[in-house]
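S.K.: What follows is a single structure, and I will ask about it in a moment.
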């Protein structure tokens with residue numbers, strides 16, 4: 001079977017999503033440690049990978065819309081596609097607060113200022129959990145869309 005553009009875009013899109021999920025799980029793991037406050041540098045790096053993987057997943061997903069085998073009409077006329085895209089953008093908006101927090105924590109750590117208070121770590125963890133909770137619906141929407149539900 002030859003490697004087609006559609007297959008390549010699908011693989012890259014799915015890899016972006018899988019890396020995104022792994023980064024989110026890694027953030028939650030670090031935030032769950034008793035030493036989470038000392039992980040500012042690693043959290044900032046994981047979050048950067050999270051953002052890059054989200055950008056890749058979105059870019060390759062949109063490339064599939066316009067250059068994939070199904071054609072743009074399959075996606076653009078399907079309300080489930082728009083729900084999926086809207087949910088992805090909502091997750092991106094929710095991710096802003098933890099990202100800004102990780103950047104601030106890294107700056108404080110580099111300045112030699114101690115770990116953030118436990119309550120701030122717990123609050124940030126809840127924001128990351130919210131992203132994870134919202135993320136659960138994405139593959140549901142993807143499966144519905146792939147089966148033409150909504151057209």
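In this note's numbering, the protein residues as written are 1 to 151. Yeah, the Cβ is synthetic: ideal placement off N, Cα and C, and Gly gets one too.
DSSP state of residue 115, grouped into three classes?
M.R.: Residue state, collapsed to three classes: coil.
S.K.: Rounded to whole angstroms, what's the CA-CA distance from residue 27 to residue 136? Just pull it up for me.
M.R.: Their backbone Cα atoms lie some 16 Å apart in a straight line.
S.K.: Hey, residue 80 and residue 22: beta-carbon distance below 8 Å or not?
M.R.: No, the Cβ-Cβ distance between residue 80 and residue 22 is not below 8 Å.
S.K.: Mind checking residue 169: buried by the 16 CB within 10 Å criterion, or exposed?
M.R.: Since the first residue shown for the chain is 1 and the last is 151, residue 169 is missing from the structure and cannot be characterised.
S.K.: Within this structure, are the beta carbons of residue 84 and residue 138 separated by less than 8 Å?
M.R.: In contact: residue 84 and residue 138 (Cβ atoms closer than 8 Å).
S.K.: In three-state terms, what does DSSP make of residue 99?
M.R.: Three-state result, residue 99: helix.
S.K.: According to DSSP, is residue 108 part of a helix, a strand, or is it coil?
M.R.: If DSSP states are grouped into helix, strand and coil, residue 108 belongs with the helices.
S.K.: Would you tell me roughly how many angstroms separate the C-alpha atoms of residue 43 and residue 144, rounded to the nearest one?
M.R.: Going by the C-alpha atoms only, they are around 34 Å apart.
S.K.: Assign residue 69 to one of three DSSP states: helix, strand, or coil.
M.R.: Three-state result, residue 69: coil.
S.K.: Tell me whether the segment 54–68 and the segment 32–41 touch, counting them as touching only if at least three CB pairs, one residue from each stretch, are closer than 8 Å.
M.R.: Contact between the segment 54–68 and the segment 32–41 is absent, because fewer than three Cβ pairs lie under 8 Å.
S.K.: Rounded C-beta distance between residue 115 and residue 38? I'm assuming under 8 Å.
M.R.: Indeed, because the Cβ distance is near 5 Å, the residues count as touching under 8 Å.
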